[in-house]
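The numbering of the sequence shown is my numbering, which starts it at 147 and goes up by one. First the structure, in the form of structure tokens, and then the observations on it.
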Amino acid sequence: MVGHPLTSTLFNLMRKLLLDLGGLGLLLILSGPAGAVAQTEPLFVTLANLENNRFPEITAWVAVADDGGPVEGLTEANFELVEDNRPAAVGSLTVTAEPSQKLRVVFAIDTNTTELNLAEAKAAVISVVNKLGSGDRAGLLSFGNQVELEYKLTNNTTALESAVGRLSPQVGKTALYQAVSDAVTMLDEFSDGRKAIVVITNSFDSLGSPLADQVFSQLQQSGSLLYMVGLGSKVQAPHPLKTEAAASGGQFIPLKAASSLPATLLELEERLRQGYRISFQSNLKADNLPHTLALNVTGPTGEGTVTGRFVALPGKIVITPQGIAANQTVKGVIDLAAEVLSPGPLATVSYFLDDRLLAEVSSLPYSFTWDTTTTTPGDHLLTIKAVDQAGNESQVGLNLVVAAPLQVFQSTATRQVEIGQPATVQVKVESLAEVTRLDLLLDGQVLTSQTAPPYHFSMDSKQYAAGPHQVTVRAEDSQGRLAQDSLEMTFVTPPPAPPGRLESFIQSQRVQSAMLLSTAGIAIVAVVLLASLGVIRLERSYRRVNRRQTRLQIINLGNIQSRYQLVGNDAHGCLNFQFALPGPAPAQPAAAASTSQKQLIARNVALLKARAGAQASATGAFQTPFIAPNESLWVELLIRPQRPYQKETCQFEIVSQAIDQPHAPKIKEGGTVELSGLFWGWRYLSFLVVIATTGWLIWQILALTLWRLPTIGSGQFLSLVW
């Protein structure tokens, strides 16, 4: 922010008048008619810059000058600060001479002059331009009938020198006031550095627009310094801008000869870099509102005042906890401290635990000793809050775990103990006070106690039943505090003794698999035999159901005894024919029978079967014994199905032929047999079972031999067989 030197100038003039009058009265009273008093001249104070970005620290850059130029050698005793009409703290004020101010200079050169004067002016300006640093900026205006911007504010000295060198004399009027006004506008782009306007002219303003008062007001509001360099006798008399130049903090410099210009401007460049850096701590609160600041300066030759405005900006406080970190476990007595960076001096540092105030500290090192034994163990939030004198505040929170003053921990190598083996427990105790007693409890019953480390317990598991048990260790310290820790331990029955070598061999996987396969093979054979017997019995039963039995009567109608031959014919070969004489079974004749009788009976027993085929064929004949003339013989005929599994209708005939009567005719008797048939699956069931079980057995043998396929268990095998 910048001050208003116009107001300060009027104030100084009034104060000067009062001082003169007061001094005159004092002289009249004390000194009599003779004597003289040296009169003071006002100081011209310019506020170049006002920084508030580190509030409550305020920094101001000021320039102090009198009619002779910058005033040097001022200290803190020469300055008085007033904030909002209240004196600021004197102890925080520091004043430092700043000989290296950054320059913001606009050169305004009057070209309505002689060629010689213009050449001297150009050389003088170039000499100053050559001394500009990287942080400086300079611009160039020329004026005659009108103002021309020759080059904007820049640090490109080469380009600026070229612009100066292009100036040439003009004939016409002098737009002096407009040149000053345009220079002020150019400098308004900058908020920092020493801003100055250097006008080189040999005349007065001849346009009359803008007015001098308007230019002066604009000049005062910008905080720019005006230096008027007058050339020649025409401007030696009082110049209209002489007062304005001094009031701005600048100077009116009359020169009789243009040859003095280079030295004058170089000296002016050094003066421009002179100034004061004033810093102090504001007494105001950081309310983010605008406030006024007045700087009263008292120098060897007079006094001056400048005012400015600033905003009391809130600042940020940075808190760094010391000796403690987030999520830390704390116990006992600990020292809490914090490193605090604040814009202003610290007022207080407060420590809160879960929003409860522990302590408030207002002096260095802002530390606090905290006894955690007075706090409930567990999770807590520690908050550190800092407030500075400007009202800025900040806080930081840390999650902490407050440990109990007495803690006990137990551990064991295994939580499953075989009965008969010792059950051991190791105990670790952390205590701020002396541990007076440590108990071991099993299922709530105290087993033993210890009073000194190392804490180690061993239990005989044979005294307790199998199953889970609660093991607890309980500690007590000299302050009467108790702590305990529990765990579950299981006592298990010991496993049976390991098998011997023979038993291990029998229980081995290979032997078990071999036994399983052997059992499976025997079972398969048994199943196959049972299935085969079942099929055979079923087939026999079916044959019995489908057989036909009848009697044939053979009558000898001839006049000689004769034997007869019986033949059964079946066109499709689907029947079996069996002839037999009635009476006792021929295979078991009576013991008293003679040999000739046995042979006769054997010859009389025959089994006649029809051959299978598409065409009819006769089987071997059944021969009867001799039959006397006009006698008869009964023959048993049994017809059985040849293919019991096939449903069909079979036609047959029985042919009788007299053997001893060659010319006797053949006698034929025919018949039909209906066969119901047997399901073909029953006929081949045994074969299917044999094939399936044989394949499974081969697969199991391969699995056992190659160890690649798992063998099935006995239960699975029985399920498969079933």
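Glycine residues also receive a C-beta, built at the ideal position from the N, C-alpha and C atoms.
Please report the straight-line C-alpha distance between residue 147 and residue 245, rounded to a whole angstrom.
Counting from 1 along the sequence shown, the entry for residue 147 is found at position 1. Counting from 1 along the sequence shown, the entry for residue 245 is found at position 99. Low local confidence applies: a pLDDT of 37 at residue 147 is under 50, so the model's placement there is unreliable, and no value is given.
Anyone know if the C-beta pair for residue 348 and residue 318 falls short of 8 Å?
Within the sequence shown, the letter at position 202 stands for residue 348. Within the sequence shown, the letter at position 172 stands for residue 318. No. Outside cutoff.
Report the option in 553, 772 and 632 whose CA atom is closest to the CA atom of residue 575.
Position 429 of the sequence shown, counted from the first residue, corresponds to residue 575. The shortest C-alpha separation from residue 575 is found at 553.
Spatial neighbours of residue 533 within its chain, please: C-beta separation below 7 Å, excluding the five flanking residues on both sides.
The residue labelled residue 533 in the question sits at position 387 within the sequence shown. Counting only Cβ-Cβ distances below 7 Å, and skipping sequence neighbours, we find 493, 494 and 539.
Would you report the Cα separation of residue 235 and residue 399, rounded to the nearest angstrom?
In the sequence shown, residue 235 corresponds to position 89, counting from 1. In the sequence shown, residue 399 corresponds to position 253, counting from 1. Approximately 39 Å, taken between the alpha carbons.
When the Cα atoms are used, what is the spatial distance from residue 763 to residue 711?
Here residue 763 corresponds to residue number 617 of the sequence shown, with the count starting at 1. Here residue 711 corresponds to residue number 565 of the sequence shown, with the count starting at 1. Unreliable positioning characterises residue 763 in this predicted model, as indicated by a pLDDT of 34, which lies under 50. The coordinate reading is nonetheless provided below. Distance between the alpha carbons of residue 763 and residue 711: 15 Å.
Could you give the residue range of the alpha helix (DSSP H) that holds residue 689?
Position 543 of the sequence shown, counted from the first residue, corresponds to residue 689. Counting along the chain, the alpha helix (DSSP H) containing residue 689 begins and ends at 655-692.
Cut-off 7 Å between Cβ atoms - residues of its own chain near residue 514, not counting five sequence neighbours on either side:
Sequence index remark: in the sequence shown, residue 514 carries index 368 (1-based). Same-chain partners within the cutoff: 482, 497, 504, 505 and 507.
Cβ-based neighbour list, residue 535, same chain, cut-off 6 Å, excluding 5 preceding and 5 following:
Position 389 of the sequence shown, counted from the start, is the residue given in the question as residue 535. Closer than 6 Å at the Cβ level, and outside the excluded window around residue 535, lie 490, 491 and 493.
Endpoints, the alpha helix (DSSP H) within which residue 268 is located
Walking along the sequence shown from the start, residue 268 turns up at place 122. It spans 261-275 - the alpha helix (DSSP H) in which residue 268 sits, taken as one unbroken run.
When the Cα atoms are used, what is the spatial distance from residue 701 to residue 811?
Taking the sequence shown and counting its residues from 1, one reaches residue 701 at position 555. Taking the sequence shown and counting its residues from 1, one reaches residue 811 at position 665. So the alpha carbons of these two residues sit roughly 13 Å apart.
Suppose contacts are defined by Cβ-Cβ distances below 8 Å. Is residue 217 in contact with residue 454 by that definition?
Along the sequence shown, one-based indexing puts residue 217 at 71. Along the sequence shown, one-based indexing puts residue 454 at 308. Cβ atoms of residue 217 and residue 454: not closer than 8 Å.
With three or more beta-carbon pairs closer than 8 Å as the criterion, would you say the region 206-217 touches the region 473-480?
no
Provide the residue(s) that pair with residue 787 in DSSP beta bridges, ordered along the chain.
Locating residue 787 in the sequence shown gives position 641, counting from the first residue. Note: residue 787 sits in a beta bridge opposite 721.
Do you know how far the Cα of residue 783 is from the Cα of residue 696?
To locate residue 696, count along the sequence shown from 1; it is residue 550. To locate residue 783, count along the sequence shown from 1; it is residue 637. Computed Cα separation, rounded: 5 Å.
At least three beta-carbon pairs within less than 8 Å, the region 665-682 to the region 832-842:
yes
Who does residue 551 pair with in a DSSP beta bridge?
Mapped onto the sequence shown, residue 551 falls at position 405. Paired residue(s): none; residue 551 is not in a bridge.
Classify residue 608 as helix, strand or coil using the three-state DSSP reduction.
By 1-based counting over the sequence shown, the position of residue 608 is 462. Residue state, collapsed to three classes: helix.
To which residues of the same chain is residue 368 closer than 8 Å at the C-beta, ignoring the five residues directly before and after it?
In the sequence shown, residue 368 corresponds to position 222, counting from 1. 148, 330, 333, 334 and 341.
First and last residue of the beta strand (DSSP E) that includes residue 362?
Here the question's residue 362 lines up with position 216 in the sequence shown. No beta strand (DSSP E) contains residue 362, which is instead part of the alpha helix (DSSP H) from 358-368.
Can you check whether the CB of residue 241 is closer than 8 Å to the CB of residue 222?
The count along the sequence shown starts at 1 and reaches residue 222 at position 76. The count along the sequence shown starts at 1 and reaches residue 241 at position 95. The answer is yes: Cβ separation under 8 Å.
If you draw a straight line from the alpha carbon of residue 397 to that of residue 344, how long is it in whole angstroms?
In the sequence shown, residue 397 corresponds to position 251, counting from 1. In the sequence shown, residue 344 corresponds to position 198, counting from 1. Approximately 10 Å between the Cα atoms of the pair.
Roughly how far, in whole angstroms, is the beta-carbon of residue 441 from the beta-carbon of residue 208, given that I think they are within contact range, below 8 Å?
As a working note, residue 441 is residue 295 in the sequence shown. As a working note, residue 208 is residue 62 in the sequence shown. Yes, they are in contact, since the Cβ atoms of residue 441 and residue 208 sit about 6 Å apart, within 8 Å.
N- and C-terminal bounds of the beta strand (DSSP E) containing residue 417:
Residue 417 sits at position 271 when you count from the first residue of the sequence shown. First-last for residue 417: 407-418, but that is the alpha helix (DSSP H), not the beta strand (DSSP E).
Using the Cβ count rule (16 or more neighbours within 10 Å means buried), how would you classify residue 427?
Taking the first residue of the sequence shown as 1, we reach residue 427 at position 281. It counts as buried.
Which residues does DSSP list as the beta-bridge partners of residue 483?
Residue numbering aside, residue 483 sits at position 337 when the sequence shown is read from its first letter. Looking at the DSSP assignment, residue 483 forms a beta bridge with 468.
Same chain only: Cβ atoms within 7 Å of residue 466, ignoring 5 sequence neighbours per side:
As a position in the sequence shown, residue 466 is number 320, starting the count at 1. Correct list, in chain order: 484 and 485.
Inter-residue spacing [alpha-carbon to alpha-carbon] between residue 874 and residue 718
Since the first residue of the chain shown is 147 and the last is 868, residue 874 is not available in this structure.
Return the residue from the list 458, 308 and 654 that minimises the CA-CA distance to residue 199.
Counting from one through the sequence shown, the residue named residue 199 turns up at place 53. The candidate whose alpha carbon is nearest that of residue 199 is 458.
Starting from residue 507, trace the beta strand (DSSP E) in both directions and tell me its first and last residue.
The sequence position of residue 507 within the sequence shown is 361, counting from 1. Unbroken beta strand (DSSP E) run through residue 507: 502-507.
Are the region 616-624 and the region 583-590 touching, with three or more C-beta to C-beta distances below 8 Å?
yes
Beta-ladder partner(s) of residue 595, from DSSP
On the sequence shown, residue 595 is found 449 positions in, with the first residue counted as 1. In the DSSP output, where bridge partners are listed per residue, residue 595 has 585.
At what residues does the alpha helix (DSSP H) containing residue 310 begin and finish?
The count along the sequence shown starts at 1 and reaches residue 310 at position 164. That run of the alpha helix (DSSP H) goes 303-311.
Look at the alpha carbon of residue 614 and the alpha carbon of residue 579, and state the distance between them as a whole number of angstroms.
As a position in the sequence shown, residue 614 is number 468, starting the count at 1. As a position in the sequence shown, residue 579 is number 433, starting the count at 1. Whole-angstrom Cα-Cα distance: 34 Å.
So what's residue 317 in DSSP terms, helix, strand or just coil?
Locating residue 317 in the sequence shown gives position 171, counting from the first residue. Note: residue 317 maps to coil in three-state DSSP.
Please name the residue in 594, 546, 608 and 547 whose C-alpha comes closest to that of residue 563.
Within the sequence shown, residue 563 is the residue found at index 417, counting from 1. Answer by Cα proximity: 608.
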